[in-house]
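In our numbering, the protein residues as written are 83 to 489. Beta carbons: idealized from backbone N, C-alpha and C, even for Gly.
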């Protein structure tokens with residue numbers, strides 16, 4: 083039932099019953115016909131409807147067993163007295179068409195009360211939403227301001243435009259992390275002498291900084307973090323190594339965890355010995371003269387360094403050297419593991435055919451471009467590095483069924 087709210091103050095509901103079968107036009111005709119002239123010209127239904135003081139009369143009727151029953155709705159914008167008179171006049175109708183009829187007024191509803199109830203309910207909903215939004219905005223205000231300041235503090239450093247904190251040039255010591263998210267997390271807790279390598283290919287800017295400053299490499303506690311540390315130790319002069327807890331990333335750590343990891347950092351040469359890595363900081367068993375002069379005073383006296391070195395040699399094997407439980411592989415996995423072991427720590431990749439023959443051996447950094455060239459007969463790739471989404475996409479495109487990597 084459609085009621086025009088602009089012309090309705092009250093809604094008259096009347097129950098109708100007839101001794102025969104009637105339809106809506108019969109009922110509406112009976113209402114207009116039998117009330118005509120009954121209440122005078124001022125309350126004539128036709129005139130009231132033309133002037134918009136009553137709305138469209140709606141009828142819901144159904145017939146069963148030769149009789150009809152229904153509800154008649156009359157919307158009214160008259161005042162209470164006139165509406166009550168109009169409603170009572172409907173009960174004088176005794177016939178609809180050829181059938182005897184009886185109309186009883188069930189109720190006169192003040193539509194404005196219903197509207198007010200709806201307004202109150204809707205107002206409650208709107209107020210609830212407003213209060214929730216106010217609470218959220220208040221809680222998020224400090225975080226949003228802090229994050230905006232952090233983003234503003236991130237600078238692009240060096241030729242490679244590496245994400246870094248604002249204090250790289252001013253600080254004697256720097257912290258090297260993996261990516262931009264790690265830089266943002268450290269900035270969040272006030273550590274501003276941090277710079278990211280942005281991948282496993284160590285930028286020349288990091289190498290140059292490592293010659294001038296005390297470098298702490300802060301890596302994720304997974305295989306990817308270890309690979310970055312391996313390359314850093316081989317190409318840059320790193321002084322200390324810090325690791326996130328096993329299975330966690332630097333960008334996830336809380337302030338307490340970050341401080342604990344940095345306090346538990348180990349000398350780079352000790353870490354390199356654990357992994358049997360040779361690099362600029364361990365080459366020929368000694369550091370360059372310049373680094374001895376520049377960094378000796380910053381860290382500790384020369385005799386202390388020697389003493390610590392001797393103590394380190396007497397220490398039992400660390401937890402990094404403990405024998406790991408043997409993992410059982412299927413014959414196919416053992417075959418791929420053997421190929422991966424042949425690559426060692428070379429950062430290279432082997433491209434093989436269906437017979438297992440090596441078609442080409444390339445550096446990991448050029449693997450994607452090599453595969454995109456479209457070599458014939460390639461069915462598998464083994465690389466000493468991390469399998470990226472780009473490599474997988476190219477493998478699917480080139481129908482390469484197997485890709486094996488360290489992670």
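Presumed contact (8 angstroms Cβ cut-off) between residue i and residue j, rounded CB distance
i: residue 469; j: residue 449; result: Actually they do not touch by this definition, with Cβ atoms about 10 angstroms apart.
i: residue 172; j: residue 160; result: At roughly 14 angstroms, the Cβ-Cβ gap does not stay under 8 angstroms, so residue 172 and residue 160 are not in contact.
i: residue 127; j: residue 113; result: 7 angstroms
Euclidean distance between Cα positions of residue i and residue j
i: residue 208; j: residue 106; result: 41 angstroms
i: residue 181; j: residue 158; result: 27 angstroms
i: residue 155; j: residue 94; result: 6 angstroms
i: residue 284; j: residue 216; result: 46 angstroms
i: residue 147; j: residue 104; result: 12 angstroms
i: residue 279; j: residue 261; result: 6 angstroms
i: residue 271; j: residue 480; result: 46 angstroms
i: residue 437; j: residue 459; result: 10 angstroms
i: residue 471; j: residue 297; result: 31 angstroms
i: residue 177; j: residue 100; result: 8 angstroms
i: residue 320; j: residue 314; result: 7 angstroms
i: residue 267; j: residue 333; result: 5 angstroms
i: residue 477; j: residue 203; result: 59 angstroms
i: residue 389; j: residue 322; result: Only weak support exists for where residue 389 lies, its pLDDT of 39 falling under 50; the coordinates are left without a value.
i: residue 238; j: residue 441; result: 41 angstroms
i: residue 162; j: residue 212; result: 38 angstroms
Residue j beta carbon less than 9 angstroms from that of residue i
i: residue 134; j: residue 97; result: no
i: residue 274; j: residue 249; result: yes
i: residue 444; j: residue 464; result: no
i: residue 326; j: residue 289; result: no
i: residue 201; j: residue 245; result: no
i: residue 299; j: residue 350; result: yes
Closest by C-alpha distance to residue i, when choosing among the options
i: residue 451; options: 459, 431 and 440; result: 431
i: residue 286; options: 308, 240, 271 and 268; result: 240
i: residue 294; options: 254, 205, 114 and 261; result: 254
i: residue 102; options: 199, 183 and 343; result: 183
i: residue 356; options: 335, 312, 328 and 257; result: 312
i: residue 335; options: 301, 483 and 104; result: 301
i: residue 342; options: 324, 458, 464 and 144; result: 324
i: residue 111; options: 169, 179, 129 and 171; result: 179
i: residue 303; options: 92, 245, 428 and 259; result: 259
i: residue 329; options: 346, 306 and 484; result: 306
i: residue 414; options: 186, 337 and 484; result: 484
i: residue 466; options: 422, 321 and 126; result: 422
Residue i beta carbon near the ligand FMN (any heavy atom closer than 8 angstroms)
i: residue 326; result: With respect to small molecules bound, the structure shown includes none, and the ligand FMN cannot be examined in it.
Inside the stretch 298 to 362 only - alpha helix (DSSP H) runs reaching at least 4 residues: Listed in chain order, the alpha helix (DSSP H) runs fully inside the stretch 298 to 362 are 305 to 317, 337 to 345 and 350 to 357, counting runs of at least 4 residues.
Segments of 3+ residues assigned as beta strand (DSSP E) that fall wholly inside the stretch 414 to 458: 430 to 434 and 440 to 445, all fully within the stretch 414 to 458.
Segments of 3+ residues assigned as beta strand (DSSP E) that fall wholly inside the stretch 85 to 125: As far as the stretch 85 to 125 is concerned, its whole beta strand (DSSP E) runs of at least 3 residues are 92 to 100.
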